[in-house]
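**Student:** Numbering follows this note's numbering, with no gaps: position 187 of the first sequence is 330. Every residue gets a Cβ at the ideal spot worked out from N, C-alpha and C, and that includes glycine. Quantities reported herein were computed from a predicted structural model and do not represent experimental measurements.
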Amino acid sequence: MSSVRIFASPSSWIESGAVDQCHQVAALDGMLHVAGMPDLHPGKGAPIGAAMTSTVLYPFLVGSDIGCGIAVFPIGLKRPVPEKLAARFPDLDEPVGADSLGTVGRGNHFVELARVDAVLDAAHAARLGLSTGSLVLIVHSGSRGLGERILRRHTEVHGAGPAPDPVSYLQDHDHAVRWGALNRRTMAERVARALGAELGDALVDESHNLVTYADGVYLHRKGAARGDGRDVLIAGTRGTRSFLVAAHAGPEANHSVAHGAGRKMSRADALRRGKAKHTVDELRRTPVGSYVVCGDRQLLFEEAPTAYKRIEQVIGDLTAHELATPVVSTLPLVTYKTAAHPAARRR
DNA sequence: ATGTAC
Numbered sequence: 144m145s146s147v148r149i150f151a152s153p154s155s156w157i158e159s160g161a162v163d164q165c166h167q168v169a170a171l172d173g174m175l176h177v178a179g180m181p182d183l184h185p186g187k188g189a190p191i192g193a194a195m196t197s198t199v200l201y202p203f204l205v206g207s208d209i210g211c212g213i214a215v216f217p218i219g220l221k222r223p224v225p226e227k228l229a230a231r232f233p234d235l236d237e238p239v240g241a242d243s244l245g246t247v248g249r250g251n252h253f254v255e256l257a258r259v260d261a262v263l264d265a266a267h268a269a270r271l272g273l274s275t276g277s278l279v280l281i282v283h284s285g286s287r288g289l290g291e292r293i294l295r296r297h298t299e300v301h302g303a304g305p306a307p308d309p310v311s312y313l314q315d316h317d318h319a320v321r322w323g324a325l326n327r328r329t330m331a332e333r334v335a336r337a338l339g340a341e342l343g344d345a346l347v348d349e350s351h352n353l354v355t356y357a358d359g360v361y362l363h364r365k366g367a368a369r370g371d372g373r374d375v376l377i378a379g380t381r382g383t384r385s386f387l388v389a390a391h392a393g394p395e396a397n398h399s400v401a402h403g404a405g406r407k408m409s410r411a412d413a414l415r416r417g418k419a420k421h422t423v424d425e426l427r428r429t430p431v432g433s434y435v436v437c438g439d440r441q442l443l444f445e446e447a448p449t450a451y452k453r454i455e456q457v458i459g460d461l462t463a464h465e466l467a468t469p470v471v472s473t474l475p476l477v478t479y480k481t482a483a484h485p486a487a488r489r490r
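This is how it looks when you write it as structure tokens:
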């Protein structure tokens, strides 16, 4: 008999469709436990913001962006002026070399230059070399077409069923997870070079779309980061804070934490309501003074901060359930989503 | 989120 537990306070709104999806997943053959994170929202077939254990491996529970995650790199810059730096960001839609390495992708992916605005755990922040005013590069991206091909190869034969040869799937999966981390590092290096900035080793790099195996149990994470004694960057929105946390989630939470603020509106709703509520200019130049590089107007509305839950609520829920302890918060200076001038791009 | 079809 499987169980479902949602880690959100009663005042945190969770779309009922996402909770329904947790129960649908829990009813699958071999399922053990579904843990919903406070950023839980509906996904395609499976919930996003969930960690799910079972005795069999379900590739669709990880989804197509295998190895998607968030990395944080320390970066050194003399005078970070958002508009000037925004103009110097490289074209991260253009790959480095033959495949799509070094590219950010679309959707909620981004590369952000951010500044530590508050230290919340002084000893832990000091260990990471972070203090108020420290600059970091936050990279949220995944395995691009590679992970998509791996899931499609499985789905074409087995649909949403389990992997009959989990070892073979895991080999491809693990490669995509490594590729995702390399992709994030590659982008950080591209940006640092373009800005003439010094880049340090990653302080944090955790995938939130992956499956791990131990003692006969597959732990699938979809929009949920490893929370077993690791540091995790939990992303806010393009115009609000993000939080670096020390995660210490136990078995009830499937050793996992949230990965971001979580959508509160579908992309279609965000586009429709956003167009009535915001101008393109106010989404590009945010209330916190940051600049958003995004030549795709539709994406700008879909990803508007108002389409997401409040990150402080998500962090509050994690803290209240003792899944994580906040270390520092960051405020964006420049967020790169996609090239500033899509018309100038060659096809 | 993605590549691809419309």
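#1: Pull the bridge partners of His363 from the DSSP assignment, please.
#2: With DSSP as the reference, label Ser146 as helix, strand or coil.
#3: Report the residue ranges of all alpha helix (DSSP H) runs contained in full by the segment 375-461; include only those spanning at least 4 residues, in chain order.
#4: Here's a check: name, in chain order, each residue in its chain whose Cβ is nearer than 8 Å to the Cβ of Arg440, leaving out the five neighbours to either side.
#5: What's the gap between the Cα of Gln167 and the Cα of Thr246?
#6: Could you tell me which uninterrupted alpha helix (DSSP H) segments, each at least 4 residues in length, are contained entirely in the segment 275-320, listed from first to last along the chain?
#7: Below 6 Å CB to CB, which residues in the same chain sit around Phe232 once its five sequence neighbours on both sides are set aside?
#8: Starting from Ser472 and walking both ways along the beta strand (DSSP E), at which residues does that stretch end?
#9: Using the Cα positions of Arg489 and Ala483, report the straight-line distance between them to the nearest angstrom.
#10: Ordered along the chain, which non-local residues of its own chain (more than five positions away) have a Cβ less than 7 Å from that of Asp234?
#11: Tyr361 and Leu200 - do their beta-carbons sit closer together than 7 Å?
#12: Return yes when at least one heavy atom of the ligand SAH lies under 6 Å from the C-beta of Thr275, else no.
#13: Using the C-alpha atoms, what's the distance from Pro305 back to Phe216?
#14: If you run the structure through DSSP and keep just helix, strand and coil, what is Glu237?
#15: Determine whether the beta carbon atoms of Arg406 and Glu445 lie at a separation below 7 Å.
#16: Is DSSP giving Arg490 helix, strand or coil here?
#17: Given this structure, state the Cα-to-Cα distance separating Asp209 from Leu313, to the nearest angstrom.
#18: So, with DSSP's three-state summary, where would you put Gly372?
#19: Can you tell me where the alpha helix (DSSP H) with Ala266 in it begins and where it stops?
#20: Applying the 10 Å Cβ sphere with the 16-neighbour rule, what's the burial state of Gly186?
#21: According to the Cβ coordinates, are Leu476 and Pro238 closer than 7 Å?
#22: For Ala161, collect the residues of the same chain with a Cβ closer than 6 Å to its Cβ; drop the 5 residues on either side in sequence, then sort them by chain order.
#23: Which of the three DSSP states is assigned to Leu338 in this structure?
#24: Quick check on this structure: which residue in Ala194, Arg384, Ala367, Leu244 has the alpha carbon closest to the alpha carbon of Ile258?
#25: If you count every other CB in all the chains shown that lies within 10 Å of the CB of Ala396, and 16 or more means buried, which is it?
**Tutor:** Let me lay it out:
#1: Here residue 363 corresponds to residue number 220 of the first sequence, with the count starting at 1. As DSSP reads the structure, His363 sits in a beta bridge with Met195, Val354.
#2: Sequence index remark: in the first sequence, residue 146 carries index 3 (1-based). DSSP places Ser146 in strand when its eight states are reduced to three.
#3: 410-420, 423-427, 440-445
#4: To locate residue 440, count along the first sequence from 1; it is residue 297. Result list for Arg440: Val423, in chain order.
#5: Residue mapping note: residue 167 aligns to position 24 of the first sequence, counting from 1. Residue mapping note: residue 246 aligns to position 103 of the first sequence, counting from 1. The C-alpha of Gln167 lies about 34 Å from the C-alpha of Thr246.
#6: The segment 275-320 contains these whole alpha helix (DSSP H) runs: 287-301.
#7: As a first step, residue 232 is located in the first sequence; it is residue number 89 there, counting from the start. Taken in chain order, the residues that qualify are Val436, Tyr479.
#8: Translated into the one-based positions of the first sequence, residue 472 becomes position 329. Here the beta strand (DSSP E) through Ser472 covers 467-479.
#9: Working through the first sequence from its first residue, we reach residue 489 at position 346. Working through the first sequence from its first residue, we reach residue 483 at position 340. Low confidence applies here, because Arg489 scores a pLDDT of 47, under 50, leaving its location unreliable; read the following figure in that light. The straight-line gap from Cα to Cα measures roughly 13 Å.
#10: Counted from its first residue, the first sequence places residue 234 at position 91. Closer than 7 Å at Cβ, skipping near neighbours: Ala482.
#11: Along the first sequence, one-based indexing puts residue 200 at 57. Along the first sequence, one-based indexing puts residue 361 at 218. Taking 7 Å as the Cβ cut-off, Leu200 and Tyr361 qualify as a contacting pair.
#12: Inclusion of the ligand SAH in the displayed structure is not the case, the ligand content being empty and no account of it being possible.
#13: Numbered from its first residue, the first sequence carries residue 216 at position 73. Numbered from its first residue, the first sequence carries residue 305 at position 162. In a straight line, the C-alpha of Phe216 is about 36 Å away from that of Pro305.
#14: Along the first sequence, one-based indexing puts residue 237 at 94. Coil.
#15: Working through the first sequence from its first residue, we reach residue 406 at position 263. Working through the first sequence from its first residue, we reach residue 445 at position 302. Against a cut-off of 7 Å, the Cβ pair of Glu445 and Arg406 comes out as no contact.
#16: As a first step, residue 490 must be located in the first sequence, where it is residue number 347. Model confidence at Arg490 stands at a pLDDT of 44, short of 50, so the residue's coordinates are unreliable; what they give is reported in the following sentence. For Arg490, the secondary structure class from DSSP, reduced to helix, strand or coil, is coil.
#17: As a first step, residue 209 is located in the first sequence; it is residue number 66 there, counting from the start. As a first step, residue 313 is located in the first sequence; it is residue number 170 there, counting from the start. Note on residue identity: the sequence assigns Ile, not Asp, to residue 209. Roughly 11 Å between the two C-alpha positions.
#18: One-based indexing of the first sequence puts residue 372 at position 229. In this structure, Gly372 counts as strand in the three-state DSSP scheme.
#19: Within the first sequence, numbered from 1, the residue matching residue 266 stands at position 123. Its alpha helix (DSSP H) spans residues 265-270.
#20: Here residue 186 refers to the residue found at position 43 of the first sequence. Buried, because 16 or more other Cβ atoms sit within 10 Å of the Cβ of Gly186.
#21: On the first sequence, position 333 is the one that residue 476 refers to. On the first sequence, position 95 is the one that residue 238 refers to. For Leu476 and Pro238, no; Cβs fall outside 7 Å.
#22: For the purposes of this step, residue 161 is identified with residue 18 of the first sequence, where counting begins at 1. Excluding positions up to five away in sequence, the list reads Leu183, His184, Pro185, Pro190.
#23: Stepping through the first sequence from its first residue, residue 338 is reached at position 195. The answer is helix: DSSP assigns Leu338 an H, G or I state.
#24: The count along the first sequence starts at 1 and reaches residue 258 at position 115. The sequence shown places Arg at residue 258, not Ile. Per the Cα distances, Arg384.
#25: Along the first sequence, read from residue 1 onward, the residue named residue 396 stands at position 253. So Ala396 counts as buried.
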